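Take a look at the structure below.
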Amino acid sequence: MKKILLASTMLVGTTGFAAADVSLTGAAYVGGAYSWVTGGATTGPVIDFRTSFRAGMMTTTDGGLEVGAGMVVLGPFFNMEKDPDDVDFGTYTAFSGITLAASNVYMSGEWGKVNVAYNSNADGASSTPGDWELTTTYTNTWGAFGVEVYGVWENNAVATTNGDFGAKGTYSFGDYSVYVEYGYDANDGGAFSHNIGAGASLAMSGFSANADVDYDLTNNAWGWHVDVGYATGPYSVMAFLNDGLNYGVEGAYDLGGGVSIKAGYAGNQATTTNAVYAGVSMAF
C-alpha cells in the first residue's frame, strides 16, 4: 500500500486545509476457470482476469473528529462467477471499460461512526447493471458489545433495495463472538419481509469457524450457513455449506508480498452447476 501525506503547505495562500493521509491500494487476479452442469452444458476453460484499485483519504479535525472518504475503481475484467449463491454462478462475464464500483464518506468520533456508502451493483449480479444504492450505517462499541444499524436508499428502475433497514448487536469474549440481528426487506419478491437471525464465530490457533441461522417471519422460511477454515504458515484452506446445500472449498498458498496461489471448487445443488478455478491473487 502506498501512503501520501498532503499538507496545507502545498496550497500557498489558502486556509482551512489540514494535513491528510491519502492511501492507494490495489488488487488483481489472473487464472483459469471451468464450469459445467451435471449432464449438461459446459463453459470454458476460460481466462479469469480482473483488476481494481482503491483511493482513500482521511484527516482529523482540531476537535478530534476523524473524517474520510474512498472510492473503488474496477478495470476491464473477464470473470467467471464462483459464488454458488449468485444467480450468475458458473457464467462468464466480460467488461471492457472502467467503472466506479463503490465509494464512501465517513465521520468517526467517541460517539461512534457514520458511514455513507455507494454501491454500483446492489444485487451483486452482473446481469442487472445500473442497480446502484446508498447505504447509511452507524456503528459503535461499548467494551465487548458492538452495534450496527443501517438503512438503504436508491432511486433507480433496477435496484429493489430502497427502504431496507436493519440492526445487529455483537458480543465478543476472547476468541469467540455471538450476534443477533433484525432486517427489513422492503421488496422481497415484490412484497416485504421481516427477518431475524443469530450467529456465532470463533478464531483460535489458526482455526476459524462461523455459523449463522435466520428466519423470515413473513414467509416462514429458515436459512443457515456454516464455514470453517484453517491456516498454518503459508497454507490455508476453507470450506462452506448452506441451507440450499450449496457448497465450496478453497485452498491457498501465500508467497509473501501480498501474492498467493488459490484453487477451489463450488457447487449449486439446485441447478447442478459446478465450477473449478485456480489462479494467482495479488494485493498491493
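In mature numbering (1 follows the signal peptide of the UniProt record, and there is no 0), the protein residues as written are -20 to -1, 1 to 264. Cβ coordinates follow ideal geometry from the N, Cα and C atoms, glycine included. Note that the coordinates shown come from a computational prediction; the quantities given were computed from them, not determined experimentally.
Is the stretch 47 to 56 in contact with the stretch 18 to 26, if contact means three or more CB pairs nearer than 8 angstroms?
-> no
Do D65 and N226 have their CB atoms nearer than 8 angstroms?
-> Along the sequence shown, read from residue 1 onward, the residue named residue 65 stands at position 85. Along the sequence shown, read from residue 1 onward, the residue named residue 226 stands at position 246. Against a cut-off of 8 angstroms, the Cβ pair of N226 and D65 comes out as a contact.
Helix, strand or coil for W204, going by three-state DSSP, please let me know.
-> Counting from 1 along the sequence shown, the entry for residue 204 is found at position 224. Looking at W204 - three-state DSSP - the assignment turns out to be strand.
L80 bridges to which residues according to DSSP?
-> Stepping through the sequence shown from its first residue, residue 80 is reached at position 100. L80 is bridged to V53.
Would you kindly check if the distance between the Cβ of N120 and the Cβ of V127 is under 8 angstroms?
-> On the sequence shown, residue 127 is found 147 positions in, with the first residue counted as 1. On the sequence shown, residue 120 is found 140 positions in, with the first residue counted as 1. Yes, Cβ-Cβ distance for V127 and N120 is below 8 angstroms.
Cβ-based burial, G19 [other Cβ within 10 Å; buried from 16] = Walking along the sequence shown from the start, residue 19 turns up at place 39. Exposed is the call here.
With distances taken Cα to Cα, identify the nearest neighbour of D165 among G89, N199, Y118.
-> Counting from one through the sequence shown, the residue named residue 165 turns up at place 185. Of the listed residues, the one whose Cα sits closest to D165 is N199.
CA-to-CA distance, E113 to L45, given in whole angstroms | To locate residue 45, count along the sequence shown from 1; it is residue 65. To locate residue 113, count along the sequence shown from 1; it is residue 133. Straight-line Cα distance between these residues: approximately 26 angstroms.
V67, enclosing beta strand (DSSP E) - first and last residue = Residue numbering aside, residue 67 sits at position 87 when the sequence shown is read from its first letter. Counting along the chain, V67 falls outside any beta strand (DSSP E), and DSSP gives it neither H nor E.
Residue environment, Y156, which counts as buried when at least 16 other CB atoms sit within 10 Å = The residue labelled residue 156 in the question sits at position 176 within the sequence shown. It is exposed - the Cβ of Y156 has fewer than 16 other Cβ atoms within 10 Å.
Close beta carbons around A49, own chain, < 6 angstroms, minus the five adjacent residues each side = Taking the first residue of the sequence shown as position 1, residue 49 is located at position 69. Taken in chain order, the residues that qualify are M37, V85.
Whole-Å CB distance - A178 paired with V160, under 8 angstroms assumed | Taking the sequence shown and counting its residues from 1, one reaches residue 178 at position 198. Taking the sequence shown and counting its residues from 1, one reaches residue 160 at position 180. Sure, about 5 angstroms apart at Cβ, within 8 angstroms.
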